[in-house]
Structure formats: structure tokens, C-alpha cells
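Counting from 1, one number per residue, gives the positions in the sequence shown under the UniProt record's numbering.
Scroll down for the structure; my scribbles are underneath it.
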Amino acid sequence: MTLEKNNTIADHFSHLDDPRVERHRRHTLVDIITITICAALCGADDWVAIERFGKAKETWFQGFLELPNGIPSHDTFGRFFSHLCPSSFQNCFIQWVQSITNRFPGKLVAIDGKTLRRSFTESDKKNAIHLVNAWSIENKLVLGQLKTDTKSNEITAIPKLLEAIAVKGAVVSIDAMGCHKAIAEKIREKEAHYLLAVKNNQPRLYSAIHELLHSKKAKSYQRPVIDFYSSEKEQHGRHEIRRCWVYNAAAKLPIATEWMDLAAVIRIETERTLQGKKTREQRYYISSQSLPAKEVSEMIQHHWQIENSLHWSLDVAFREDDSRIRKGHSAENMSRIRQIALNILKQDNTYKIGIKNKRLSAGWDHEYLMKLICSV
């Protein structure tokens, strides 16, 4: 099997802006990108491992890459990705993802941040990199990623990320950090709907919702319930009752007009019993559409798949939190390489095994590896 010109990797990532001086280029851009992605698919997590992987597979790579000067050294990989423009890489990444999804992001897109914990440097007082990710729950794909200096800067990063990705027709869910008017407006401008958690970082909104739903002064007609849903489950000795109310209360909130197209207020109550001890938690959300309570409840639960399916996979299967890659743009760019690899592995149904074992299988089996890099 050969890597055709219109293959996903060659087609979408060959358009990257090459950061190298032309007369100093001993290796083609496509060779560097392809070897790196293949290595990441097979378990290589740093530049030395990527070089060693390339040399071990050099005969195989010769079947479809140019390799004018053999396999690049680990220093070459490191320099290339430390100078590669993250924005250029992001644009190619998004175009590639949109070619997979046909520009339909799925019903639910979850946005959340993740810190690369060991990407800091003490010598120049450089903080650890914080990345905001958009995850398609239905497609199990990273749709896009944007770097911020700190977690608090998610507020300014989220609208920029939304501008870059296709979310038309989806519901975009964000935790309380993203509950801001400008973010709600950007989501609606992108022809998507928002589902935002409300906490005390929006004190006026939070207080208004709490007052409306719990005040004895509030009349029942002021908080009409559009729909109600309750579910119950028992797992690992824990009994849980989950209740969801969707209120047509937006028009009754004086503050509602400040939020673009605010249509519904959602109240989630979770009651848990473990070893005879009962706890109860209440959370509020706002939405730009009035959906059935069962659907909203499931969306709120599914939002956290971004933690379990994306962040957990990156930390456990790719050991992202242990990575010491940090020079220049290399930490951000290597994070995107991991996401390319994870997207490819998540889309593959050849084996019913976890991501870690899929990586091992790709390293052992050339046919499987070629299938992966040609399949999406």
C-alpha cells in the first residue's frame, strides 16, 4: 500500500507554512509530519522516540516517502516543531477535521480547558501552557484547540476558538468559566445553540435564577415548567437520583434580555446515597433553546465526556501530563500531533481495544498502521 497524493496527511498538512530556510531543508515537510504522526500513533511521545521509531521503520517508510537524507534526527524534529507556526498548524488541523465530519460537528460540542502540567520552564519563568479544546461528543473528535496563557484567559480564547471551527446546528456546552454574554453571542452568531453552566462567577444571573426558582414570593405562573425528567441508577454501591426541570422562565427574568436568545433555564438536582449518607447538589444552566428535559439532562452528563474521552486519554494513553517538550512552540504543536493521533484512533473500529493497545498494535503491524493513516 502506498500513501497517495490525496491522502489525508499529505493533502491537508502539506500546505503548512514551512518555518525553515529553504537552502537548509534536508528533509521534506511531508516526511517530517508523516513520520511524527505515525510515531505518535505507535507510542512515541518525545523527539528521541520519534527518531528511533523512524529509523526502525526506515525501510517501510521508503515505500512511500521521499527521505532524501534518510530519517531526520531528534534535533531536527525538535527544531521544526519549535518553530512551526501553531496558527498554521491549527488551520490545517481544522480543515482536516472538517473533511472528516463534512462540516457537521454533531449534536453536542463540549468546550473545556486543559493544562500541560510539565510544559513550564523555571529558567525563564514560563508558565505551563493551558489549552482550550472543542470536542465533538457524537463524532469523538477534537474539532479545534487554542492556547491561552492561563486558565483565566479561557474567557477570551473561547470566542476565538468558536470563530475558527464549524459548529452550525450543534449545541455548544461550556462549564461556568464560559458563561459570558460575549461567548453566548458568538455561539449564536455561528448558528449554534448554547448550554452554559451558571455559578457565582455570574452573581446577578445566578441570584436572579435562584430567586425565581426558590423564592416563596415567586408565583407558580412565573416559573412554568416546560418539561421534567427523572432518572435513577445504582452503581458500585451508590444510589443516585437525577432530576431535571426545564423552565420557560427566561421572559420572567429581568436580566434575561442581556443574554442573546435566552430561552430556558435548567435546574439539575442530583441526590446520591452512599453507605447510608445522603448528599444533594443543585446546578443551574441557561440555554438558547427549550429542549425536552431528558435530552437536556443527557447533554449535561455527556458534556463531561471531554474529560473522560479526551483529557483522560491524552494523559493515560499518551502521557501528556508527563511530557517535557516545551521549547518554542513545540509543546503546543506536539499537543496537536497527539490530538491528530487520538482522532485517527478514535475513528478506527478494527479492534475493540483501548487507545493504548491500539497504539501498540499500530507499532507491531505495518498493515494496520497504513490503514490508520489512510483511513480518515
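For every residue, glycine included, the Cβ atom is placed at its ideal position computed from N, Cα and C.
- [ ] Answer yes or no: do T270 and E240 have a C-beta to C-beta separation smaller than 8 Å?
- [x] yes
TODO: Measure the Cβ-Cβ separation of A56 and G106 and say whether it is below 8 Å.
DONE: In this structure, A56 keeps its C-beta atom at 8 Å or more from the C-beta atom of G106.
Task: Spatial neighbours of L280 in its chain, beta-carbon cut-off 6 Å, leaving aside the 5 residues before and after - done: First, the amino acid is wrong: residue 280 is Arg here, not Leu. Same-chain partners within the cutoff: E271.
Open item on the list: Using 8 Å for Cβ pairs, my map puts I32 next to F80. What's the rounded Cβ distance?
Closed with: About 6 Å separates the two Cβ atoms, so the contact holds.
- [ ] Indicate the three-state DSSP secondary structure (helix, strand or coil) for G63 in the structure shown.
- [x] coil
Open item on the list: Short of 7 Å in beta carbon distance, which residues of its chain neighbour G43, apart from the five on each side in sequence? Order them along the chain.
Closed with: R359, L360, G363
TODO: Establish whether the CB of G363 and some CB of chain B are separated by less than 8 Å.
DONE: Note that chain B does not occur in the displayed structure, where there is just one protein chain.
Open item on the list: Please report the distance separating the alpha-carbon of K5 from that of H27.
Closed with: Unreliable placement is indicated for K5, whose pLDDT of 46 sits below 50; the coordinate value is still reported in the next sentence. Roughly 18 Å separates the two Cα atoms.
Task: Contact under 8 Å by Cβ, L196 with I306 - done: no
Open item on the list: In the DSSP assignment, the beta strand (DSSP E) including N133 goes from what residue to what residue?
Closed with: 129-136
Task: Check whether A134 and L161 have beta carbons under 8 Å apart - done: yes
TODO: Indicate the three-state DSSP secondary structure (helix, strand or coil) for F104 in the structure shown.
DONE: coil
Task: Rounded separation between M177 and L146 - CA only - done: 16 Å
Open item on the list: Between F89, M299, V142, P86, which has its C-alpha nearest G113's C-alpha?
Closed with: V142
Open item on the list: Please tell me whether E130 and D149 are closer than 8 Å, where the distance is taken between their beta carbons.
Closed with: Looking at the sequence shown, residue 130 is not Glu but His. Yes, the pair counts as a contact, with Cβ atoms nearer than the cut-off.
Task: Contact under 8 Å by Cβ, A208 with L253 - done: For A208 and L253, yes; Cβs fall inside 8 Å.
TODO: Could you please give me the residues that DSSP links to T279 through a beta bridge?
DONE: R272
Open item on the list: Using a 10 Å radius around the Cβ and a threshold of 16 neighbouring Cβ atoms, would you call G144 buried or exposed?
Closed with: buried
- [ ] Would you kindly report the start and end of the unbroken alpha helix (DSSP H) that includes D315?
- [x] 312-316
Open item on the list: Nearest by alpha-carbon distance to A317: which of K346, F64, S73, A10 is it?
Closed with: K346
TODO: Tell me the start and end of each unbroken beta strand (DSSP E) in the region 181-226 that is at least 3 residues and wholly inside, in chain order.
DONE: 193-198
Open item on the list: Give me the DSSP bridge partner(s) of E232.
Closed with: I241
TODO: With a 10 Å radius around its C-beta and 16 neighbouring C-beta atoms as the bar for buried, classify H214 as buried or exposed.
DONE: exposed
Open item on the list: Does the beta-carbon of C38, which I'm using as the reference point, lie nearer than 7 Å to any heavy atom of the ligand PLP?
Closed with: Inclusion of the ligand PLP in the displayed structure is not the case, the ligand content being empty and no account of it being possible.
Task: Reduced DSSP secondary structure (H/G/I, E/B, other) of S287 - done: strand
TODO: Using the Cα positions of S82 and Q98, report the straight-line distance between them to the nearest angstrom.
DONE: 26 Å
- [ ] Compute the beta-carbon to beta-carbon distance between C92 and H12, rounded to the nearest angstrom, for a pair I have assumed lies under 8 Å.
- [x] 5 Å
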